[in-house]
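Peer 1: I have a structure I would like to understand better, so I am pasting it below and will then ask my questions one at a time.
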Amino acid sequence: MATSSNPTEKVPPPALKVRGRSHVFNVLTRQLQRALSLSLCGAVEADAAVVLLLSTQATVGPSPTTNRGAPSVLGVHPKEPKLIYCSGKLVVVRNLEDPTDTFVYKGHNEPTTVAKFSPNGYWVASGDVSGKVRVWSYDNPEHTLKLELPVFAGEIKDLTWDPDSKRIVAVGDGRGLMARVFMWDTGNSIGEIVGHQKRILSVDYRQTRPFRIMTASEDFNVCVFEGPPFKFKQNNNNLHSNFVNCVRFSPDGEFAVSVGSDKLMCLYDGKSGELVDKFPAAHQASIYSVCWSPDGSQLLTSSADKTVLLWDVASRSVVTKFTFGGAKPQVKDMQVAVVWCQNHLISLSLSGDLNFLDLENPSQPKQIVQGHQVSILSLATEQTQNRLVTGSYDGVVCSWTSKAATALAGSHHTAKITGIAATSNQIASSGWDDQLRYANDSEYTAATALNAQPNGVDLTESGLAVVSTNKGVKLLRDQKLVFETPEFSWTPTCVAISPSEDVVAVGSQEDMKIHLFDVVNGSSLVESGEIAGHLGALTCVSFSPDGSLLAAGDTYREVRVWDVASRSAKVQGMWVFHSTRVTSVAWAPSGNFIASGSLDERIYIWDVNSPMKKRLFDFSHKDGVTGVSFVSETELVSVGNDACVNFWDLSA
23 MATSSNPTEK
33 VPPPALKVRG
43 RSHVFNVLTR
53 QLQRALSLSL
63 CGAVEADAAV
73 VLLLSTQATV
83 GPSPTTNRGA
93 PSVLGVHPKE
103 PKLIYCSGKL
113 VVVRNLEDPT
123 DTFVYKGHNE
133 PTTVAKFSPN
143 GYWVASGDVS
153 GKVRVWSYDN
163 PEHTLKLELP
173 VFAGEIKDLT
183 WDPDSKRIVA
193 VGDGRGLMAR
203 VFMWDTGNSI
213 GEIVGHQKRI
223 LSVDYRQTRP
233 FRIMTASEDF
243 NVCVFEGPPF
253 KFKQNNNNLH
263 SNFVNCVRFS
273 PDGEFAVSVG
283 SDKLMCLYDG
293 KSGELVDKFP
303 AAHQASIYSV
313 CWSPDGSQLL
323 TSSADKTVLL
333 WDVASRSVVT
343 KFTFGGAKPQ
353 VKDMQVAVVW
363 CQNHLISLSL
373 SGDLNFLDLE
383 NPSQPKQIVQ
393 GHQVSILSLA
403 TEQTQNRLVT
413 GSYDGVVCSW
423 TSKAATALAG
433 SHHTAKITGI
443 AATSNQIASS
453 GWDDQLRYAN
463 DSEYTAATAL
473 NAQPNGVDLT
483 ESGLAVVSTN
493 KGVKLLRDQK
503 LVFETPEFSW
513 TPTCVAISPS
523 EDVVAVGSQE
533 DMKIHLFDVV
543 NGSSLVESGE
553 IAGHLGALTC
563 VSFSPDGSLL
573 AAGDTYREVR
583 VWDVASRSAK
593 VQGMWVFHST
603 RVTSVAWAPS
613 GNFIASGSLD
623 ERIYIWDVNS
633 PMKKRLFDFS
643 HKDGVTGVSF
653 VSETELVSVG
663 NDACVNFWDL
673 SA
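Now the structure itself:
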């Protein structure tokens, strides 16, 4: 089965962002209003049943967002082994003892840039590209919003808390105002942060008295402010010769350190802000990030030279050099952030990989946490091997085991993934690099040029693959092209092959029909008929486990079920509860249920034998659901434009 989705189609964000009792009330109210509206127009029968389900069994959050040539910011919980970072429009909290355990905060409407825990661990302050900072409760199950403040008209680059968890400093690109100190609950300003001529990249707050704020900027300057109320104290404008990317005070406040794109690291007196010493040059490229050990005796730095260095502060010398990428490191191995949380030393690669550094083996991390950084567009499962495979907009394909992702190695796609299929022994993926690539659980093994832009793929256990493209349909056997149709007068949008390998269904855009093809001797296709009745372009098709039925979704928001033999509708005109295009349909192993996902952020579970019964997962993925698939009869997995992978318990 393959699905087709349009990640550029915009869906109005849901008004409700903070969940809890108020979330339940609002969702129930909306569902009752929808049901009443539909019943008044005769669309819902009196015995129709809607069961609203409100929580996932598990959510695996995306990898951190990174940008080449720019530092990223990671934060840690002050008391627990937890990492906090930004990804897309989300804020993700990841348990370092069990990296598959993640919490995802969806309160921002713009891409997020930085998030930090308060020193008491109860609150989180997070900023985004629009210049807004949201302060929200972490320890409260409702994650109550305390403050939303437009700090300035530009991107928030960094922020930090005072030791009392009462004041916040945010810096960035304010187009005039580039920094602000404010109270966490009222937003009232406390002094002025002035002295920089260009945007400020980093900030830190001294955690001991007398309080100081240190800032770093693209104007090559490091400034120190005293307060509160805060005012200018010290300007170190002759030390760095390029962007200053990060500044951090030591835990005891005795020292502070700055690093920059000039490969330089400087040590300052934590109270006066005056230069104490310069560390010897050891990195061969820009230094993006620096952090202190909990006892303040060591420093960790990350660089574009694909290394992380562990420094001894007293001797100003390198203790350990961590390397990445083996003998031939690539651009994706650049290290853009580091953080030290209890006994965990973590670095962030440009690829989004979180590396758990190993002091005993500096050339190989203890663990690498991988995942997707951008919209996941394709999804496939295979029940016998518990196989789950996902593909994203940037061409990354991940194979999942026990909710942990491994990015496929080897010659990978160079453009967005448009379809994925999986069997017990192989994976097939299609992408906008006009390639169909084959892989096992860890790496790509073969590729076939399609010479057309694919939009869907399906694969059988025997190795028969069918690919729909913008021009026609291609049939492959054992990774070799054996047949391709002439160019159609209509544009294929999705494709599926029956379990018995004798029928191929292809969805169309212009005529809104499903075109059926017979598979002849496993080596050619002959069009045998069509199914008409959809009111919008087809977006996804899927055969039932026994091949007798075909489920299809369209841009008209409807899911229909067709009898393949008679080409008549088994379910039509009833499953129209999505509010925008359906992006994916999937069958349960029993063939009794169908799941559908849509850009309206909803997932419905439909009962084939009792069409008026349905279950709903609302607000499933921020900005839309792009794929659904059954792991088993009682577990569903979904992916979306938020780059999250959600696992849903259907046993209730």
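Using the numbering used here, you'd call the opening residue of the sequence shown number 23 and step up by one each time. For glycine and all other residues, C-beta sits at the position ideal for the given N, C-alpha and C.
#1: Compare the C-alpha of Y160 against each of D150, L171 and S140 and name the closest.
#2: Between the C-alpha atoms of A238 and E296, what's the straight-line distance to the nearest angstrom?
#3: Based on the DSSP output, what are the partners of V661 in its beta bridges?
#4: Name the DSSP beta bridge partners of S588, please?
#5: Note down the Cα distance separating D69 from A573, rounded to an integer number of angstroms.
#6: Roughly how many whole angstroms lie between the Cα atoms of G569 and V126?
#7: How many Å lie between N243 and K354 at the Cα?
#8: Which residue comes first and which comes last in the beta strand (DSSP E) that contains R624?
#9: Between the beta-carbon of V488 and the beta-carbon of D480, is there less than 7 Å?
#10: Give me the Cα-Cα distance between K493 and I536, rounded to the nearest whole angstrom.
#11: Could you tell me which whole beta strand (DSSP E) segments of length 3 or greater appear in the region 187-217?
#12: Report yes if the C-beta distance between C245 and N260 is below 7 Å; otherwise report no.
#13: Closer than 8 Å is the cut-off here; do at least three beta carbon pairs connect the region 141-158 with the region 174-188?
#14: Just how far apart, CA to CA, sit Y466 and A349?
#15: Quick check for students: name the residue ranges of the alpha helix (DSSP H) that lie wholly in the region 234-274, counting only runs of 4 or more.
#16: Can you tell me whether N663 is buried or exposed? The criterion is at least 16 other CB atoms within 10 Å of its CB, across all chains shown.
#17: Return the residue from the list I627, T648 and R90 that minimises the CA-CA distance to W670.
#18: Using the Cβ count rule (16 or more neighbours within 10 Å means buried), how would you classify V676?
#19: Would you kindly work out how many angstroms separate the C-alpha atoms of S490 and E177, rounded to a whole number?
#20: Between the alpha carbons of K168 and R156, how many angstroms are there, rounded?
#21: Would you please state the rounded distance, in angstroms, between the beta carbons of S464 and T428? I believe it to be under 8 Å.
#22: Going by the beta-carbon positions, is the gap between K425 and T648 smaller than 7 Å?
#23: My assumption, with CB atoms under 8 Å, is that R228 sits in contact with G153. Please give the rounded CB distance.
#24: Check whether the region 582-602 touches the region 553-572, counting contact only when three or more Cβ pairs, one atom from each stretch, lie closer than 8 Å.
#25: Since H537 is in the beta strand (DSSP E), which residue starts that stretch and which ends it?
#26: In the DSSP assignment, find the unbroken beta strand (DSSP E) run with Y290 in it and report its ends.
#27: Do you know whose CA, among K496, A443, E506 and K502, lies nearest E483's CA?
#28: Which full runs of the alpha helix (DSSP H) of 4+ residues lie inside the region 102-129, going along the chain?
#29: Can the beta-carbon of T436 be found less than 7 Å from the beta-carbon of G413?
#30: Taking C-alpha atoms, which residue in E102, L112 and T329 lies nearest to V675?
#31: Check whether the region 363-377 touches the region 313-326, taking contact to mean three or more Cβ pairs, one atom from each stretch, closer than 8 Å.
#32: Taking W422 as the reference, give the member of I439, A402, F565 and H434 with the closest Cα.
#33: Exposed or buried, which one is E240 when buried takes at least 16 other CB atoms within 10 Å?
#34: A24 to L472, Cα distance in whole Å?
#35: Can you give me the start and stop residues for the beta strand (DSSP E) that H366 sits inside?
#36: Measuring only the C-alpha atoms, how far is D524 from A610?
Peer 2: So, from the data block:
#1: On the sequence shown, position 138 is the one that residue 160 refers to. Looking from the CA of Y160, the closest CA among D150, L171 and S140 belongs to S140.
#2: The count along the sequence shown starts at 1 and reaches residue 238 at position 216. The count along the sequence shown starts at 1 and reaches residue 296 at position 274. Taken atom to atom, the span from the alpha-carbon of A238 to that of E296 is near 14 Å.
#3: For this step, residue 661 is matched to residue 639 along the sequence shown. V661 pairs with G649 and V667.
#4: For the purposes of this step, residue 588 is taken as residue 566 along the sequence shown, with counting starting at 1. DSSP, once it has assigned bridges, lists no residue as partnering S588.
#5: By 1-based counting over the sequence shown, the position of residue 69 is 47. By 1-based counting over the sequence shown, the position of residue 573 is 551. A caution first: D69 carries a pLDDT of 36, below 50, which makes its placement in the model unreliable, though a value can still be read off. Near 24 Å, if we compare the C-alpha coordinates of A573 and D69.
#6: Position 547 of the sequence shown, counted from the first residue, corresponds to residue 569. Position 104 of the sequence shown, counted from the first residue, corresponds to residue 126. Each residue's alpha carbon lies about 38 Å from the other.
#7: Taking the first residue of the sequence shown as 1, we reach residue 243 at position 221. Taking the first residue of the sequence shown as 1, we reach residue 354 at position 332. Approximately 29 Å, taken between the alpha carbons.
#8: For this step, residue 624 is matched to residue 602 along the sequence shown. Boundaries for R624: no beta strand (DSSP E) harbours it, and the DSSP string shows neither H nor E there.
#9: Within the sequence shown, residue 488 is the residue found at index 466, counting from 1. Within the sequence shown, residue 480 is the residue found at index 458, counting from 1. Cβ distance < 7 Å, so V488 and D480 count as in contact.
#10: In the sequence shown, the residue the question calls residue 493 occupies position 471. In the sequence shown, the residue the question calls residue 536 occupies position 514. Annotation: K493 to I536 spans about 16 Å, alpha carbon to alpha carbon.
#11: Uninterrupted beta strand (DSSP E) stretches at least 3 residues long and entirely within the region 187-217 occur at 189-194 and 201-205, given in chain order.
#12: In the sequence shown, the residue the question calls residue 245 occupies position 223. In the sequence shown, the residue the question calls residue 260 occupies position 238. When the beta-carbon positions are compared, C245 and N260 stay at least 7 Å from each other.
#13: Enough Cβ pairs lie closer than 8 Å, so yes.
#14: Against the sequence shown, residue 466 aligns to sequence position 444. Against the sequence shown, residue 349 aligns to sequence position 327. Computed Cα separation, rounded: 20 Å.
#15: None, since the region 234-274 contains no complete alpha helix (DSSP H) of that length.
#16: The sequence position of residue 663 within the sequence shown is 641, counting from 1. Buried: at least 16 other Cβ atoms inside 10 Å.
#17: Walking along the sequence shown from the start, residue 670 turns up at place 648. Closest option to W670, Cα to Cα, is I627.
#18: Past the edges of the chain, shown from 23 to 674, lies residue 676, and the structure says nothing about it.
#19: The residue given as residue 490 occupies position 468 in the sequence shown. The residue given as residue 177 occupies position 155 in the sequence shown. Approximately 41 Å, taken between the alpha carbons.
#20: Here the question's residue 168 lines up with position 146 in the sequence shown. Here the question's residue 156 lines up with position 134 in the sequence shown. Approximately 8 Å between the Cα atoms of the pair.
#21: Start at 1 with the first residue of the sequence shown, and residue 464 comes out as number 442. Start at 1 with the first residue of the sequence shown, and residue 428 comes out as number 406. For S464 against T428, the beta-carbon gap comes to about 6 Å, under 8 Å, which counts as contact.
#22: The residue given as residue 425 occupies position 403 in the sequence shown. The residue given as residue 648 occupies position 626 in the sequence shown. No, Cβ-Cβ distance for K425 and T648 is not below 7 Å.
#23: For the purposes of this step, residue 228 is taken as the residue at position 206 of the sequence shown. For the purposes of this step, residue 153 is taken as the residue at position 131 of the sequence shown. Not quite, the Cβ-Cβ distance comes to about 25 Å (not below 8 Å), so this is no contact.
#24: Here the region 582-602 lies against the region 553-572, with 3 or more beta-carbon pairs under 8 Å apart.
#25: Taking the sequence shown and counting its residues from 1, the one referred to as residue 537 is at position 515. For H537, the enclosing beta strand (DSSP E) has its first and last residue at I536 to V542.
#26: On the sequence shown, position 268 is the one that residue 290 refers to. First-last of the beta strand (DSSP E) with Y290: M287 to D291.
#27: Working through the sequence shown from its first residue, we reach residue 483 at position 461. The residue with the shortest Cα to Cα distance from E483 is A443.
#28: Fully enclosed alpha helix (DSSP H) runs of 4 or longer: not present.
#29: Here residue 436 refers to the residue found at position 414 when the sequence shown is read from its first residue. Here residue 413 refers to the residue found at position 391 when the sequence shown is read from its first residue. Using a Cβ distance threshold of 7 Å, T436 and G413 do not count as a contacting pair.
#30: This structure cannot speak to residue 675, because the chain is shown only from 23 to 674.
#31: The answer is yes - the region 313-326 touches the region 363-377, with three or more Cβ pairs under 8 Å.
#32: Here residue 422 refers to the residue found at position 400 when the sequence shown is read from its first residue. For W422, the closest alpha carbon among the candidates I439, A402, F565 and H434 is that of A402.
#33: Position 218 of the sequence shown, counted from the start, is the residue given in the question as residue 240. So E240 counts as buried.
#34: Start at 1 with the first residue of the sequence shown, and residue 24 comes out as number 2. Start at 1 with the first residue of the sequence shown, and residue 472 comes out as number 450. Any reading at A24 needs caution, since the residue's pLDDT is 45, under 50, leaving its predicted position unreliable; the model's value is listed next. Just so you know, the alpha carbons of A24 and L472 end up roughly 17 Å apart.
#35: Here residue 366 refers to the residue found at position 344 when the sequence shown is read from its first residue. Its beta strand (DSSP E) spans residues H366 to S371.
#36: Here residue 524 refers to the residue found at position 502 when the sequence shown is read from its first residue. Here residue 610 refers to the residue found at position 588 when the sequence shown is read from its first residue. Going by the C-alpha atoms only, they are around 21 Å apart.
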